[in-house]
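Take the sequence shown: its letter number 106 is residue 412 in the numbering used here, and every next letter is one higher. Where is the CB? At the ideal position from N, CA and C, for every residue including glycine. Bear in mind the structure is a predicted one, so any value in this text is a computation, not a measurement. Single-structure report; data block below.
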Amino acid sequence: MNNIILDYTLIIISAVISLAAQAYISHNYKKYSEKYCENGVSGEEAARRILNHNELQSVEVRPVAGQLTDNYNPKNKTVNLSEGVFAEKSIASISVAAHECGHAIQDKNGYLFLRIRKAIVPLVNFASYAGYIAIMAGIFLSMLNLLEFGILMEVIILVFQLITLPVEFNASNRALKQIKELGLLNESEYKGGRKMLISAALTYVASVATAILQILRLLLILSNRRRDD
């Protein structure tokens, strides 16, 4: 009974962490999307200024569908901004655009953690797919070797998420530096931009926390199955 309670407790804690992180960034994104910046610069224009300032004229800035779907693609060297961020002239749009440009600057400078993350992406993709199958088969078919393999795959995913943390925090620090240097936000707006980027970074911290809880839960299941055998 105690193990069942612990299992459900881990599930609930994991869900609460994930939901809280998503709610926090959604709240801040909505709040700062409604606060337009004094200089009237859009996310696209902010990104272009930052990229040009860092001699990255060849990097394109493109709109993509969705909300908070913003990303930097190192393969085709593009900063992809969600439609709202691309067009709007708000604190949120400038902050998000600057963050993605931070990744472009990392790429240009050969930032170590970004290089490591890029190198292990194929392994992580395999771990995500194979790990899920192994865990399901291991639990429902009581095949402990498969469950152990699945846990190992989850550990690989956790390592990837841990590597992602410095990548994201560093990109945000670079973004804030660029915003200040280029005067993209005034002093009061800058504080809002900083809060916006911190809330975004916390979603990655939440991912790490939930991954750790998932591994603990699987280890608990494995321990119980071994004891029953």
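When burial is assigned at 16 or more other CB atoms within 10 Å of the CB, is residue i buried or exposed?
i           : result
residue 467 : buried
residue 409 : buried
residue 418 : exposed
residue 333 : exposed
residue 325 : exposed
residue 442 : exposed
Assign residue i to one of three DSSP states: helix, strand, or coil.
i           : result
residue 434 : helix
Please name the residue in the options whose C-alpha comes closest to that of residue i.
i           : options            : result
residue 481 : 471, 493, 500      : 500
residue 395 : 339, 486, 327      : 339
residue 380 : 371, 374, 423, 348 : 423
residue 440 : 411, 457, 426, 430 : 457
residue 430 : 460, 449, 411, 451 : 460
residue 470 : 451, 450, 507      : 507
residue 344 : 407, 315, 493      : 493
If you drop the 5 nearest sequence neighbours on each side, which residues of the same chain put their C-beta closer than 6 Å to that of residue i?
i           : result
residue 335 : 398
residue 367 : 350, 353, 354, 385
residue 515 : 323
Can you list, in chain order, the residues of its chain with a C-beta nearer than 8 Å to that of residue i? Leave out the 5 residues immediately preceding and following it.
i           : result
residue 319 : 519
(message) Please give me, in chain order, every unbroken run of the alpha helix (DSSP H) with length at least 4 that falls completely inside the stretch 417-485.
(response) 418-446
(message) At 4 residues or longer, what runs of the alpha helix (DSSP H) sit wholly inside the stretch 344-424?
(response) 349-359, 389-393, 397-415
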